[in-house]
Structures are given as structure tokens and as C-alpha cells.
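Student: Before I ask anything, let me first share the structure, which is written out below as C-alpha cells.
Number of protein chains: 2
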Amino acid sequence: MSEIEVMAEALRAGETTAEALTRCALARIAEQNGELGAFAVVDREGAVSAARRADVELSDGIDRGPLHGIPVAVKDLIDVAGLPATRGSAHFSGHRATEDAACVRRLRAAGAVIVGTTVTHEFGYGPTGDRSWHGPARNPHEPRRMAGGSSGGSAAAVAAGIVPVALGTDTGGSARIPAAMCGIAGYKPAFGRVPRDGVFPLAPSLDHVGVLGATARDCRLVVDALAPQHSAPHRLVGTVARIGWLEAAARTPVTSAVADLTWGSLSEHDVTHVPWDAQDAMGDAFSAIQNSEAFATHADRVRDQPELFDAEVLDRLRSASDTPGWRYVRALHAREAAREYMSGLFERFDLLASPTVGITAPLLGQREVTVNGSSRAVRSTLLALTSPWNLLGFPALSVPAGYVDRLPVGVQLICPPDREDLLFSVADSIVPSCAGA
Amino acid sequence: MSEIEVMAEALRAGETTAEALTRCALARIAEQNGELGAFAVVDREGAVSAARRADVELSDGIDRGPLHGIPVAVKDLIDVAGLPATRGSAHFSGHRATEDAACVRRLRAAGAVIVGTTVTHEFGYGPTGDRSWHGPARNPHEPRRMAGGSSGGSAAAVAAGIVPVALGTDTGGSARIPAAMCGIAGYKPAFGRVPRDGVFPLAPSLDHVGVLGATARDCRLVVDALAPQHSAPHRLVGTVARIGWLEAAARTPVTSAVADLTWGSLSEHDVTHVPWDAQDAMGDAFSAIQNSEAFATHADRVRDQPELFDAEVLDRLRSASDTPGWRYVRALHAREAAREYMSGLFERFDLLASPTVGITAPLLGQREVTVNGSSRAVRSTLLALTSPWNLLGFPALSVPAGYVDRLPVGVQLICPPDREDLLFSVADSIVPSCAGA
């Protein structure tokens, strides 16, 4: 059972109240947030009064479903009416959201209790999660390491057991990367499924709302509340899925311990190695699109108040401005070619899979990492396996595969939009294990 | 009556034959093409045998409609099976098309007789029409002047009376600009209406197949044969159209003689001046999109065989490669904003109008022009008023407004896609006159 379902059952059995759950979450924040840097803003009063309303409703027989009375957190890139909305940046240090984002409205309509906002890498522009106006998000498994990013605060809050789920965003892996590095589940539904109104943009053709949860099932419950889907689902026949294992390690840094652990996590299924020659082209296309769209989002701020950016984020934006337009145009063509290629694979396989990230969590501030004997840039290493699914917009889920050297590792499952049921049933079959411990 | 209709009537009355019309066109090419440089390839045998087939069909009672047996020409950017397809470039000096472009197939199915291919500015990338592997297209009104471009050969062929209509393309005005400067009609239907398979691309989100005709009605007959439309037409109530006259001259070089003549050509209608503040933004957006897409089309040729390009075209491509991706992304947003603005104007006006080009035909090779006392670049002056409608994809028609200093001037009419009938009925009301003669 998922954490949400455990809480939901306890609530309906009268074993706890929404207020008690919320006060417990608030108490954990008070204890742990100093070390974790997970929360940007804690809304004690708002959360307690929302929890009380949830309790009154339940006792009046009004039941809004599985999220009713459940404490949740929302990434500081998503507007929550009345709360500061800094987007992790000094540019918005004094800004407050006046309205709820569409996804926040839906969370509230489902009865969820928002306890606060979580730290984001500045403007969501970084998979390391350690450059924010609020300071770095830290990994609950080892606080001198990154939680990952950009939804690092949401991942840390869930991994530390403060809330069972939190909203994030995912432009290149921003929900799945910190989920993998913090040992929880992270889900990016199909592009466009969850509305983005009120979510601060980074690269609009790549931006997704994502969910970080204690388990895959927790993620699924939230996504279903955010965006009910009514299409006929493609379910698994029997219990064994045909999985295409993308041969990522040939082109991207993946340690052998991570490769073995993640591959082994799918041993119940019929797993076939699939060459992934298109990976470089997809990576180039992703970069050209993200660079162009991200700089288009921020060009005026870079021109007018560059000093308000974190220095690393500013450098990255300035480099992004150099991508030529014709590369963007070619990237759009490459995106279509890659979509066709992957659609062909999805005729042969139920799902595709790979490690979520080829390494375990680096240290805060670390920018080079040695993988299989050669030095690599941390950022591109973190993004290599997740960003292709932002390019193509397919649903992609990271679930814990186990631990390498006591640090969490995630395995990523990818499917076409109509195979979410199958994706989540395979996710349920994965039992985390240890390697090299 | 249009030239096509005159010919069609004569054919059916037995006063002429398709073969006679074709031999007449071929004879005129033989006489005039040395001076005009209009044709790249003349297909005597193919044309005569197609004309004979058309005659046999007509005598057998098979009537393919108004284009049956009519001689036409096709721009050398559009594939005609079996004929050389150079695209005006040394890059394709030995190339032959193996299949007809979709629009050529439709022309043939409508019974038209293709007499040859017409000279294009290299790869369609220039409104001056004077840089082609085949040499410059010359203006029949004064052969030391430009026919305009890039469909300069098609315009010269029609204006010289060789064929009543010719296919062109239009990415920034390539059908309308030479039509205006040669004193004929040029029409760019709505984006996507005429299929582009087999048409060599320049900037795919701006590229249109266009038609150059002796009269607007000739253009219409061809477009209807290329792409029958079945939507309910929006017709003119009465005979007076509400026309919004875009105040172009404030921002773009337009000589006062051209402004007066074109404005005066619409005097039967209810014409209102409309400020056009968005023009600069539309021009910038057009340039960013054309630069990015055109270089994406040609990047490999620029890298591998730059020496095969005309030097001016190569320079222009190299400059185009500098447009940053974020400008392309912003241009896509600006395009949407401009579309919204213009849609608002189309609620108040039946049509919009402006001069097609603010000046008369410059000399071949001329690159600076003095307009109202200041020196301007010829290329941007030619493109300023036509390219916005490539950006937005609205139908746009240039019809002769008369003459300034014995050189032709065109007036441009623009409409939403469902108002073609109205557009052409206003075009029929325009009587060319003279100014400053």
C-alpha cells in the first residue's frame, strides 16, 4: 500500500485526523528542515486550517477521495495563492502568488493540505538542486550530498518522510533525477497531461508538472487527481512485461554498479538489450531546444538585472543564448525523427527502461565526477538519461532500484501515453536491493 | 474576362487548338527569352505532345475544365518530372526531377500544358530575382531592370504575354513582388492550402506555392485547380468593401507616388487608415524565422560546398546562421500575437490593403535605393510589405494599380482564408491608372 493509502485508511478509521497528520508534518519540518533545506516557505496557519476543514468535511460525510486530508508540498516554481513565489531566485525575492496554479487548485479540490513550498534550483534551471536563493537542497541520505534538482526540496521533503508526496516540475529530469538520488519515486506524466497555468516556465516545449512520492503508487494517485484520464488503458497481459533495455552506458557515463543494480531490478520481466544510437542526436536536440527556450524565457532579466541571478545560472543562460536558430529548427526535426524511432520500439516492447541517473548523488557544489575512470561534467551526466523523454513527451517514471554504497539508485521506466497502467504495474514489481554495500 | 477564359472559349469554339496555343507560346519564348531570361528550360517536345493529347481529349468530349489545353510555366524550384531541376543553383546544375511535384500533378490533371521552367533567384532566396545560375530575370517593361524575385522568371513570362499563368513560390513575397514590379497579378493563397510536396524548401513555416497570372482571375482559376476549396465563402454584401489601409509608409520606404496610386486604386471602396505599429515586430519575427529555417535548409551545403553558391546568396546565408535560437522562439510568440492583432482588424474590415512594394523596379544588381531622400537597402524595401503575410499565412494578392514613371506598381489585398471570394471581387474592381507619367 502507498503512504497516501495508509494515511487515508487511518483517517477514515478514525485512527488519526488530517490536523494530526499536518501537525506531524509541521513538526518534522521544524526538526529537519535546518539540515535538509527542503522547504522555502512553511504555511503553518494555512495548513492547519485546511486540515481542520478536511476533518470537518470527512465527519460531515464529504469525502474528496484519496488525497483528502493528506499533507503535501509544492515546489516554489508553482504558484500557491498568498505564499511567496520566489522561483528560487532573487529576481522574485519579494513576490507573492496571487492565485493558485491550476494544478494547485486541483490538489485543493481533491482535499490535499498544502504545508508549504519546497526549494527549487533557481528558475528550475539545474539538475544539481544546489543553486537557489534559499540555499541548496540536501540529500536526506547524506546531507553533504545533493538532493538533485531542480525539484530537490520536494525530493528531500518526501525522502525525509515529511510529506508522502510533493509537486515538482520536470524539464529535463527535474522530478526524476532528485527522486532517484533521494531513493523515492518521481513521475513525469505525458507532455501536456497536467495543465501548466501558474507554473513558472523554463522551456515551454519541454516543461512538465511532475510528482515526487514515497512510492510509485503515491505518484499515480496524485497525477490521477491532477488530471483524470479516461482513455482505454493498455494493461499488462499476465505479469511479465516485454521491456526494452536502452543501452545507455555505451554513450553516457553509467557506473557498472548502477548498471547492474538497475538491470537486475527488472529480472522478473522479459528484458532485451536495445541499442540506442539515436541518443546523441536526442541529447543535442534537447540542448538546442532547452537553450533557446530557456533564454527566451529569461532574456529580459539577463539584460536588465543580471546581478540578481546566481552566477552559475547566469553563466549557463549566457551560454544558452549562443545556440543558433537553425540548430533549434533542426532540433525540431530531430525530435520528430526520434519520436518515430521510439514509437517503433514501442511496437516491440511494452516499456523501455534505463537507469534514471548513471551515478549516485554527488557532493553539494561538485561539478566534475569520475565515472569508469574518466572525468565528466556532473550536469550532463545527471541529465543524459532523463532529458530524452522531455524531448519526446512520453511518460517516464523513476522508482528506487536499491542502493550503491549506501546511496539510492533509481531505475527509469518509459511508456507511450496510453500505457500508464502497465508502467505502474511493472513499477510495483520492483524490489529495491543493494549492490556494493 | 481572364486570359485563360479567352483561350478556353476559343478552344471550345474551335477557333484555336491547344497545340496552336502552345506553339505560339514556344515561338514567343524563342523571340523574347534571350532578352528576358525568363525561362530556365523549354520543353518543346513535351509541351507539344501534351497539347496534342489535350486536343484529342477535347475532341473526344473529355473536358478537364478551364485549364485544359492552356500553356503554363513552372518555377525552377518546383519539380517537373524529367526536366532539369536546378533551383537556380550550381549545386543542382546536373539534377533532373524524377517525379512531378504535387501541384504539377494537379496542373496536369487539370489539362494544363507545361511549356518549361522559369528562372528563380538561387534557391528562392532573394526578392531581386537577379542572382540565379541561369542569370537574372529581366523586367519586360524595361529589361535593364529587375523582374523581381524570387519568381522573377514566372513574372517575366506572364508579363511578356508568353503564358497566361505560371507557378511560383512565395516565402516573403516571391510571387507578389515580381508580379507588382512586372505589372501582373500574383497570389499567395492561405498557408498550407496548396501542397508543397516536390517544391524545394526555403523556410518551411513561411513557404507557399504561389501563382502569377495576367489577371487576378487567372490566378484564381489556377489556385482552384490546385486546391479546390469547399468551405462556405464569405462574400461581399453589395459592391463596396470595408478596407483597412495599413499605414505602412510611416515605417517602411514607400514613395509618395506609389502611396497615392495604390490608395487611389481602391477609391470605390470604404477605405480607412489603420495604424500599423506591429509592423516592426512582424518584420523582426519574419527575419528571425526565415534566417533560422533557411540556414537549417542549407547548412550542409554551406559547410561542404560553399563555392557553389552565388556569393551574395552565400553571404546572406552566413549572416542568417547568426540568428540565435531564443530569437526564433520569441519570433514564434510574436507571430501568435500578430495573428491575434490582425484577426481583430478582420472583425472591423473585410480586407486589409497596402502597396505591394513601396518602390518601382530597381536596376539589375542595384542594392541601395533612395526613397523620400534617404538611402535604403533594396532587399528589405522590397520585402517589407509582403513578408508579414508569410509570417501569418493569410491569403495575399497583388494586382496592378497602374504605373509610376512608366513602371508598374501593385496594390496588395489581404484577407482571412474564408474570404477569398471577397478578395477577388475587390481585385476585379481595381482599374490601373497612371501617376507621374
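These protein sequences, in sequence, are chains A and B.
For the first sequence, position 118 matches number 118 in my numbering, and the numbering has no gaps at all.
For the second sequence, position 55 matches number 1055 in my numbering, and the numbering has no gaps at all.
Ideal Cβ placement from N, Cα and C applies to all residues, glycine included.
Remember, predicted model here, so these are calculated numbers, not experimental data.
#1: Listing by chain order, which chain B residues have their CB less than 7 Å from the CB of A:S321?
#2: Report the option in A:L407, A:V165, A:L382 whose CA atom is closest to the CA atom of A:T22.
#3: Buried or exposed: which applies to A:I430, given that a residue is buried once 16 or more other Cβ atoms fall within 10 Å of its Cβ?
#4: Measuring only the C-alpha atoms, how far is B:G1344 from B:A1250?
#5: Quick one: what's B:Q1366 bridged to in DSSP?
#6: Here's the rule: buried if 16 or more other CB atoms are within 10 angstroms of the residue's CB, otherwise exposed. What is A:G373?
#7: Counting along the chain, where does the alpha helix (DSSP H) carrying B:Q1032 start and finish?
#8: State the CB to CB distance for the pair A:S265 and A:G402, rounded to an integer number of angstroms; the pair is presumed to be in contact (CB under 8 Å).
#9: Closer than 7 Å, Cβ to any Cβ of chain A: which residues of the stretch 1270 to 1293 of chain B, in chain order?
#10: Taking 7 Å as the threshold (beta carbon to beta carbon), is B:G1329 in contact with chain A?
#11: Would B:A1299 pass as an interface residue toward chain A - the criterion being a Cβ-Cβ separation below 7 Å?
#12: Kindly indicate if chain A contains any beta-carbon less than 7 Å away from that of B:A1296.
#13: Excluding the 5 residues flanking A:V357 on each side, which residues of the same chain have their C-beta closer than 7 Å to its C-beta?
#14: What are the uninterrupted segments assigned as alpha helix (DSSP H) that are 4 or more residues long and contained completely in the stretch 1088 to 1173 of chain B, given in chain order?
#15: Roughly how many whole angstroms lie between the Cα atoms of B:V1042 and B:V1074?
#16: Apart from the five residues on each side of it in sequence, which residues of its chain come closer than 7 Å, Cβ to Cβ, to A:G183?
#17: Short of 7 Å in beta carbon distance, which residues of its chain neighbour A:Q366, apart from the five on each side in sequence? Order them along the chain.
#18: Let me confirm a value: A:R12 is counted as buried when at least 16 other C-beta atoms fall within 10 Å, else exposed. Which label applies?
#19: Pull the bridge partners of A:L212 from the DSSP assignment, please.
#20: Is the stretch 54 to 69 of chain A in contact with the stretch 28 to 46 of chain A, if contact means three or more CB pairs nearer than 8 Å?
#21: Hey, how far is the Cα of A:V223 from the Cα of B:D1300?
#22: Can you give me the C-alpha to C-alpha distance between A:V115 and B:R1339, rounded to a whole angstrom?
#23: DSSP three-state call for A:W389: helix, strand or coil?
#24: Ends of the alpha helix (DSSP H) at B:A1008?
#25: To the nearest angstrom, how far is the alpha carbon of B:G1014 from that of B:S1002?
#26: Considering only residues of the same chain and omitting the five flanking positions on each side of B:G1129, which have a CB-CB separation below 7 Å?
#27: Going by beta carbon distance, what residues of the same chain come within less than 7 Å of A:P201, once the five residues before and after it are set aside?
#28: Give the C-beta separation of A:T117 and A:F39 to the nearest angstrom, bearing in mind that I take them to be a contact with Cβ-Cβ under 8 Å.
#29: Under the assumption that A:L314 contacts A:P324 (Cβ atoms under 8 Å), give the Cβ distance between them as a whole number of angstroms.
#30: Leaving out the 5 sequence neighbours to the left and right, which residues in its chain are closer than 8 Å to B:W1263 when beta-carbon positions are compared?
#31: So, with DSSP's three-state summary, where would you put A:Q412?
#32: Buried or exposed for B:E1045, going by 16 or more other Cβ atoms inside 10 Å?
#33: Provide the residue(s) that pair with A:A377 in DSSP beta bridges, ordered along the chain.
#34: Spatial neighbours of A:E57 within its chain, please: CB distance less than 8 Å, with the 5 preceding and 5 following residues excluded, ordered by chain position.
#35: Would the beta-carbon of A:V163 fall within 7 Å of that of A:C103?
#36: Give the single residue among A:C434, A:D322, A:I243 whose Cα lies nearest to the Cα of A:R348.
Tutor: To lay it out plainly:
#1: Along the first sequence, one-based indexing puts residue 321 of chain A at 321. Listed along the chain, the chain B residues whose CB falls inside 7 Å of the CB of A:S321 are P1324, W1326.
#2: If you number the first sequence from 1, residue 22 of chain A lands on position 22. A:T22 has its Cα closest to that of A:V165, out of A:L407, A:V165, A:L382.
#3: The sequence position of residue 430 of chain A within the first sequence is 430, counting from 1. Buried.
#4: Position 344 of the second sequence holds residue 1344 of chain B. Position 250 of the second sequence holds residue 1250 of chain B. Cα-Cα distance, rounded: 21 Å.
#5: Along the second sequence, one-based indexing puts residue 1366 of chain B at 366. Residue pairing of B:Q1366 in beta bridges, as defined by DSSP: absent, with no partner found.
#6: Within the first sequence, the letter at position 373 stands for residue 373 of chain A. Flag for A:G373 reads exposed.
#7: Here the question's residue 1032 of chain B lines up with position 32 in the second sequence. Note, B:Q1032: alpha helix (DSSP H), 1018 to 1036.
#8: Taking the first residue of the first sequence as position 1, residue 265 of chain A is located at position 265. Taking the first residue of the first sequence as position 1, residue 402 of chain A is located at position 402. Rounded, the Cβ-Cβ distance is 7 Å, consistent with contact.
#9: A1288, N1291, S1292, E1293
#10: Taking the second sequence and counting its residues from 1, the one referred to as residue 1329 of chain B is at position 329. Sequence inspection shows Val at residue 1329 of chain B; the Gly mentioned does not correspond to that position. By this cut-off, B:V1329 is an interface position.
#11: Numbered from 1 along the second sequence, position 299 holds the residue referred to as residue 1299 of chain B. Yes, because at least one Cβ of chain A sits closer than 7 Å to the Cβ of B:A1299.
#12: By 1-based counting over the second sequence, the position of residue 1296 of chain B is 296. Yes, B:A1296 counts as interfacial toward chain A.
#13: Here residue 357 of chain A corresponds to residue number 357 of the first sequence, with the count starting at 1. For A:V357, the CB contacts under 7 Å within the same chain, skipping 5 residues up- and downstream, are I177, A180, M181, L382, L385, G410 in chain order.
#14: 1102 to 1109, 1152 to 1159
#15: Here residue 1042 of chain B refers to the residue found at position 42 when the second sequence is read from its first residue. Here residue 1074 of chain B refers to the residue found at position 74 when the second sequence is read from its first residue. Going by the C-alpha atoms only, they are around 10 Å apart.
#16: Along the first sequence, read from residue 1 onward, the residue named residue 183 of chain A stands at position 183. Result list for A:G183: H141, A159, P400, P408, in chain order.
#17: In the first sequence, residue 366 of chain A corresponds to position 366, counting from 1. Excluding residues within five positions, the ones whose Cβ falls inside 7 Å are V378.
#18: The count along the first sequence starts at 1 and reaches residue 12 of chain A at position 12. A:R12 comes out exposed.
#19: Position 212 of the first sequence holds residue 212 of chain A. Its beta-bridge partners are A:A166, A:G186.
#20: no
#21: As a position in the first sequence, residue 223 of chain A is number 223, starting the count at 1. As a position in the second sequence, residue 1300 of chain B is number 300, starting the count at 1. Rounded to whole angstroms, A:V223 to B:D1300 spans 44 Å at the Cα level.
#22: Reading the first sequence from its first residue, position 115 is the one you call residue 115 of chain A. Reading the second sequence from its first residue, position 339 is the one you call residue 1339 of chain B. Roughly 43 Å between the two C-alpha positions.
#23: Along the first sequence, read from residue 1 onward, the residue named residue 389 of chain A stands at position 389. In the structure shown, the three-state DSSP call for A:W389 is helix.
#24: What you label residue 1008 of chain B is simply residue 8 of the second sequence in a count that begins at 1. Start and end: 1003 to 1012.
#25: As a working note, residue 1014 of chain B is residue 14 in the second sequence. As a working note, residue 1002 of chain B is residue 2 in the second sequence. Approximately 19 Å, taken between the alpha carbons.
#26: Here residue 1129 of chain B corresponds to residue number 129 of the second sequence, with the count starting at 1. Within the same chain, B:G1129 has close Cβ partners H1121, P1136, A1137, M1146, A1147, G1148, G1149, S1150, G1152, P1178.
#27: One-based indexing of the first sequence puts residue 201 of chain A at position 201. Within the same chain, D207, T297 come within 7 Å of A:P201 by CB-CB distance, once the 5 residues on both sides are set aside.
#28: By 1-based counting over the first sequence, the position of residue 117 of chain A is 117. By 1-based counting over the first sequence, the position of residue 39 of chain A is 39. Right, their Cβ atoms sit about 7 Å apart.
#29: Sequence index remark: in the first sequence, residue 314 of chain A carries index 314 (1-based). Sequence index remark: in the first sequence, residue 324 of chain A carries index 324 (1-based). Contact doesn't hold; Cβ gap of about 21 Å is too wide.
#30: On the second sequence, residue 1263 of chain B is found 263 positions in, with the first residue counted as 1. For B:W1263, where only same-chain residues beyond five positions count, the Cβ hits under 8 Å are W1245, V1271.
#31: Residue 412 of chain A sits at position 412 when you count from the first residue of the first sequence. Here A:Q412 sits in strand by DSSP.
#32: Locating residue 1045 of chain B in the second sequence gives position 45, where the first residue counts as 1. Result: exposed.
#33: Here the question's residue 377 of chain A lines up with position 377 in the first sequence. Per DSSP, A:E368.
#34: Stepping through the first sequence from its first residue, residue 57 of chain A is reached at position 57. Hits under 8 Å: D63, R64, H68, G111.
#35: Residue 163 of chain A sits at position 163 when you count from the first residue of the first sequence. Residue 103 of chain A sits at position 103 when you count from the first residue of the first sequence. No, Cβ-Cβ distance for A:V163 and A:C103 is not below 7 Å.
#36: Within the first sequence, residue 348 of chain A is the residue found at index 348, counting from 1. The candidate whose alpha carbon is nearest that of A:R348 is A:I243.
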